[in-house]
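Peer 1: Chains as they are written, first to last, in the working numbering: chain A, 1 to 160; chain B, 1001 to 1211.
Where a beta carbon is used, it is the ideal one built from N, C-alpha and C, also for glycine.
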Amino acid sequence: MKTITAIIVLLCIAVATTLAYHKIQYKWIIYREAETLYKKKEYKKAIPYYTSLLKKSFRDHVVLSRLGELYLAVSDLNNARLIYEEILRSEPLNMQTRITLADIYMRLGDYRKTINIYTMLLLSQPGNRHLHILMARALTAKGDFEDAITHYRIALGENQ
Amino acid sequence: MKQAVKISLILITIGFITFSIPVIDRVYGQQKGAGESIVSKDDQVPEWKTRWELARVLSYTKRYGESITEYRKVLSKKPQLYEAKIEMAKVLYWMGKKEEALHALEDVPIQKLDEQAQAALAEIYITQKRYDKAEVLLRGLIAKNPKDYRARLKLAELLSWDKRYKESIAEYEIILNDLPDDRQVRRKYALVLMQSGRHSDAAAQLRKTLE
Chain A
1 MKTITAIIVL
11 LCIAVATTLA
21 YHKIQYKWII
31 YREAETLYKK
41 KEYKKAIPYY
51 TSLLKKSFRD
61 HVVLSRLGEL
71 YLAVSDLNNA
81 RLIYEEILRS
91 EPLNMQTRIT
101 LADIYMRLGD
111 YRKTINIYTM
121 LLLSQPGNRH
131 LHILMARALT
141 AKGDFEDAIT
151 HYRIALGENQ
Chain B
1001 MKQAVKISLI
1011 LITIGFITFS
1021 IPVIDRVYGQ
1031 QKGAGESIVS
1041 KDDQVPEWKT
1051 RWELARVLSY
1061 TKRYGESITE
1071 YRKVLSKKPQ
1081 LYEAKIEMAK
1091 VLYWMGKKEE
1101 ALHALEDVPI
1111 QKLDEQAQAA
1121 LAEIYITQKR
1131 YDKAEVLLRG
1141 LIAKNPKDYR
1151 ARLKLAELLS
1161 WDKRYKESIA
1171 EYEIILNDLP
1181 DDRQVRRKYA
1191 LVLMQSGRHS
1201 DAAAQLRKTL
1211 E
């Protein structure tokens, strides 16, 4: 009796393992398809695949990054904003994500949010020349020319 | 019994291997995906480009002198940057330094000049009474945009100053055909009619402007 029970238990474990594999494998098939489309630069076609992976909580971070890039590539700025805001929630210290998000806000015409992000980043990196240029561009777009000039001068090492 | 355990162990091993393949692939895939991006990470803005942006912003705030200084620095590094040269010429023109603006614009091939720069250059040529050069530019602007009435009016005026009244009148009539209510243009038209000896036509046009 004990022998039969042991065999049944072991068989159950084997079946459960195989089923789990097939479930994951299905997501992997979608992922592979999405990556293939991404590499072929068929961005619009790739988006639904990554979106479905995201709904299945598959490789959240990588899928989110890809999706953000794809939305930017097809100029879907509103969705790109949502994705990068989500990435930033999970990685609040990621500078590149902040800069990308600031750029999206800028392209959406939300200069106040753009400037807020650069102001925060400049607090921690006051000597970052590139950040001063980005800040100057945002201020120019907003019409704050005098402040923009100040940041351009700092970027050029001519701070008065 | 031993055989049953062996079979079960083999099944578990198969299950474990198949399960672990995607896990290994996942780690590998993450490493592979990290290096690829369609978003440019090339953030390096060269100094000349930063200075060029600064020159533009200075001109927006009407700090023309400083703007010109920055444009000159940019052009010393990038002498073939026609776009910057055209912008600098416009700033010089706004400053009233028409000779310098002309000098800057004449360095740029005509086909590289945008419409605003061509109009400015034509204006400068007119002030210098170099009507032949101005006419070429104005006709080019009109050919590109037949509804560019400012350019057409300039051409009509230029032709009248050059005593080519018939051609001038033809240009005025094109403008007035589209803008019949523009009294200022009609008065100028009447003046040219008068200069060409068509006094009664001129009087009729002047009367229209007083109605």
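Taking the Cβ atom as the reference point for each residue, do Lys-39/A and Phe-58/A lie within a distance shorter than 7 Å?
Peer 2: On the first sequence, residue 39/A is found 39 positions in, with the first residue counted as 1. On the first sequence, residue 58/A is found 58 positions in, with the first residue counted as 1. No. Outside cutoff.
Peer 1: Got a sec? Which residues, its chain only, sit under 6 Å from Lys-142/A by beta carbon, not counting five neighbours each side?
Peer 2: Your numbering for residue 142/A matches position 142 in the first sequence. Same-chain partners within the cutoff: Tyr-111.
Peer 1: Tyr-1064/B: which of Gln-1044/B, Ser-1196/B, Gly-1096/B sits nearest, CA to CA?
Peer 2: In the second sequence, counting from the first residue as 1, residue 1064/B sits at position 64. For Tyr-1064/B, the nearest C-alpha among the options comes from Gly-1096/B.
Peer 1: So Arg-1051/B is in the alpha helix (DSSP H); what residue range does that whole segment cover?
Peer 2: Position 51 of the second sequence, counted from the first residue, corresponds to residue 1051/B. Note, Arg-1051/B: alpha helix (DSSP H), 1047-1060.
Peer 1: Count the other CB atoms, across all protein chains shown, that sit within 10 Å of the CB of Tyr-1125/B; report buried if there are 16 or more and exposed otherwise.
Peer 2: Here residue 1125/B refers to the residue found at position 125 when the second sequence is read from its first residue. The residue is buried, with at least 16 neighbouring Cβ atoms inside 10 Å.
Peer 1: So Tyr-1060/B contacts chain A; which residues on that side make the cut at Cβ distance below 7 Å?
Peer 2: Here the question's residue 1060/B lines up with position 60 in the second sequence. Within chain A, the residues near Tyr-1060/B are Phe-145.
Peer 1: Less than 8 Å between C-beta atoms, sequence neighbours within five positions excluded: which residues of the same chain meet that for Ser-52/A?
Peer 2: Taking the first residue of the first sequence as 1, we reach residue 52/A at position 52. Closer than 8 Å at the Cβ level, and outside the excluded window around Ser-52/A, lie Ile-30.
Peer 1: Mind listing which residues of the region 1059-1093 of chain B have their C-beta closer than 7 Å to chain A's C-betas, in chain order?
Peer 2: Cβ contacts with chain A: Tyr-1060, Thr-1061.
Peer 1: Using a Cβ-Cβ cutoff of 7 Å, what residues of the region 1163-1185 of chain B are near chain A? List them in chain order.
Peer 2: Residues passing the 7 Å Cβ filter: none.
Peer 1: State the start and end residues of the unbroken alpha helix (DSSP H) segment that holds Pro-48/A.
Peer 2: If you number the first sequence from 1, residue 48/A lands on position 48. 43-55 is the span of the alpha helix (DSSP H), which, as asked, contains Pro-48/A.
Peer 1: Rounded to the nearest angstrom, what separates Ile-1038/B and Lys-44/A at their Cα positions?
Peer 2: Counting from 1 along the second sequence, the entry for residue 1038/B is found at position 38. Counting from 1 along the first sequence, the entry for residue 44/A is found at position 44. For Ile-1038/B, the predicted structure reports a pLDDT of 38, less than 50, and the residue's modelled location is therefore unreliable. A value from the coordinates is still provided. Cα to Cα, the separation comes out at about 14 Å.
Peer 1: Helix, strand or coil for Arg-59/A? Go by DSSP, reduced to three states.
Peer 2: Here residue 59/A corresponds to residue number 59 of the first sequence, with the count starting at 1. It is coil, neither helix nor strand.
Peer 1: Taking Glu-1167/B as the reference, which of Arg-1187/B, Trp-1094/B, Arg-1139/B, Pro-1180/B has the closest Cα?
Peer 2: Sequence index remark: in the second sequence, residue 1167/B carries index 167 (1-based). For the residues Arg-1187/B, Trp-1094/B, Arg-1139/B, Pro-1180/B, the minimum Cα distance to Glu-1167/B belongs to Arg-1139/B.
Peer 1: Enumerate in chain order the residues of its own chain whose CB-to-CB distance from Asp-147/A is below 7 Å, with the five nearest sequence positions on each side excluded.
Peer 2: Sequence index remark: in the first sequence, residue 147/A carries index 147 (1-based). Closer than 7 Å at Cβ, skipping near neighbours: Leu-139.
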